[in-house]
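What follows is a short report on a single structure.
Residue numbers (this note's numbering), protein chains in the order written: chain B, 74 to 185; chain A, 6 to 120.
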């Protein structure tokens, strides 16, 4: 019963470094999402995917890129990390846009 | 564009009190879905309920109940006889069913239940 798994769980980056966050789901879901959670801001959608090979921008896409080469994986990339990207990142997946979303445990990223 | 407003940011109650968490939404679509999620101190997000726009029937699940009113675009959540374990951040969320539908969250309400 893995559900949605995010890797890594914690990471500290220096400004300008790059990294990739991996999200894997084993529920054969079509939809996958990346959110960031900041104090007082709730969950804001970064990018999402409605199926393998597709991606779309969410509310706060700048500074991030994503790829969905395999249905079960959704990667979030930071090409040049900035302190403003310090946040908790959540991946989620759902069978359809109107069904419940299952969330990973989150990745706490600090950019110094 | 869709929007979810949770005007209450923090609520503190004493155990056994009833508490209502408000959620107001905006969407142009006639078909949409509303959700509530709970985020306990451990950090994971837990699904609580989904309601579609054609079903205005209120729902009760144990100590939890939800009041969906299309006339006021609200989907409020009430916890009866609150317990310390109810302490969490609660998010209301909305998705429509258009071509670019996506799950949009409110900013969340931090509920603290004191013994």
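Cβ atoms here follow ideal geometry from the backbone N, Cα and C, with glycine treated the same way. Note that the coordinates shown come from a computational prediction; the quantities given were computed from them, not determined experimentally.
Just reading off the beta strand (DSSP E) that residue i is part of, what are its end residues?
| i | result |
| --- | --- |
| residue 111 of chain B | 104-111 |
| residue 121 of chain B | 115-122 |
| residue 38 of chain A | 37-44 |
| residue 83 of chain B | 83-86 |
| residue 9 of chain A | 8-10 |
| residue 179 of chain B | Looking at the DSSP string, residue 179 of chain B is not in any beta strand (DSSP E), and its letter there is neither H nor E. |
| residue 92 of chain B | 92-98 |
| residue 147 of chain B | 146-151 |
| residue 79 of chain B | 77-80 |
| residue 108 of chain A | No beta strand (DSSP E) contains residue 108 of chain A, which DSSP labels as neither H nor E. |
| residue 64 of chain A | 64-66 |
| residue 118 of chain A | 114-119 |
Between residue i and chain B, is there a C-beta pair that is closer than 7 Å?
| i | result |
| --- | --- |
| residue 49 of chain A | yes |
| residue 55 of chain A | yes |
| residue 100 of chain A | yes |
| residue 79 of chain A | no |
| residue 116 of chain A | no |
| residue 108 of chain A | yes |
| residue 38 of chain A | yes |
| residue 82 of chain A | no |
For residue i, which of helix, strand or coil comes out of DSSP?
| i | result |
| --- | --- |
| residue 158 of chain B | helix |
| residue 77 of chain A | helix |
| residue 139 of chain B | strand |
| residue 34 of chain A | coil |
| residue 101 of chain A | strand |
| residue 51 of chain A | strand |
| residue 90 of chain A | helix |
| residue 15 of chain A | strand |
| residue 171 of chain B | coil |
| residue 24 of chain A | strand |
Who are the near neighbours of residue i in its chain, counting only those whose CB is closer than 7 Å to its CB and skipping five residues on each side?
| i | result |
| --- | --- |
| residue 32 of chain A | 7, 99, 101 |
| residue 124 of chain A | Nothing in the structure corresponds to residue 124 of chain A, since chain A is present only between 6 and 120. |
With a threshold of 8 Å on Cβ separation, who are the neighbours of residue i within its own chain once the five nearest residues in sequence on each side are excluded?
| i | result |
| --- | --- |
| residue 129 of chain B | 120, 121, 122, 123 |
| residue 16 of chain A | 24, 26, 114, 115, 116, 117 |
Excluding the 5 residues preceding and the 5 following residue i in the sequence, name in chain order all residues of the same chain whose CB lies nearer than 6 Å to its CB.
| i | result |
| --- | --- |
| residue 45 of chain A | 93 |
| residue 85 of chain A | 23, 68 |
| residue 99 of chain B | 75 |
| residue 85 of chain B | 183 |
| residue 103 of chain B | 124 |
Taking only beta-carbon atoms, is residue i less than 7 Å away from chain A?
| i | result |
| --- | --- |
| residue 136 of chain B | no |
| residue 34 of chain B | Outside the modelled stretch of chain B, which goes from 74 to 185, sits residue 34 of chain B, for which no answer is possible. |
| residue 94 of chain B | no |
| residue 79 of chain B | no |
| residue 111 of chain B | no |
| residue 174 of chain B | yes |
| residue 115 of chain B | yes |
| residue 179 of chain B | yes |
Distance, Cα to Cα, residue i vs residue j?
| i | j | result |
| --- | --- | --- |
| residue 97 of chain A | residue 71 of chain A | 11 Å |
| residue 139 of chain B | residue 68 of chain A | 40 Å |
| residue 41 of chain A | residue 184 of chain B | 31 Å |
| residue 62 of chain A | residue 75 of chain A | 11 Å |
| residue 93 of chain B | residue 105 of chain A | 25 Å |
| residue 27 of chain A | residue 134 of chain B | 29 Å |
| residue 88 of chain B | residue 88 of chain A | 43 Å |
| residue 114 of chain A | residue 106 of chain B | 22 Å |
| residue 161 of chain B | residue 125 of chain B | 25 Å |
| residue 34 of chain A | residue 117 of chain A | 34 Å |
| residue 151 of chain B | residue 81 of chain B | 14 Å |
| residue 30 of chain A | residue 147 of chain B | 29 Å |
| residue 64 of chain A | residue 57 of chain A | 12 Å |
| residue 47 of chain A | residue 110 of chain B | 14 Å |
Should residue i be flagged as near chain D, meaning a C-beta pair shorter than 7 Å?
| i | result |
| --- | --- |
| residue 113 of chain A | Although the question refers to chain D, the structure presented lacks it and instead comprises the protein chains B and A. |
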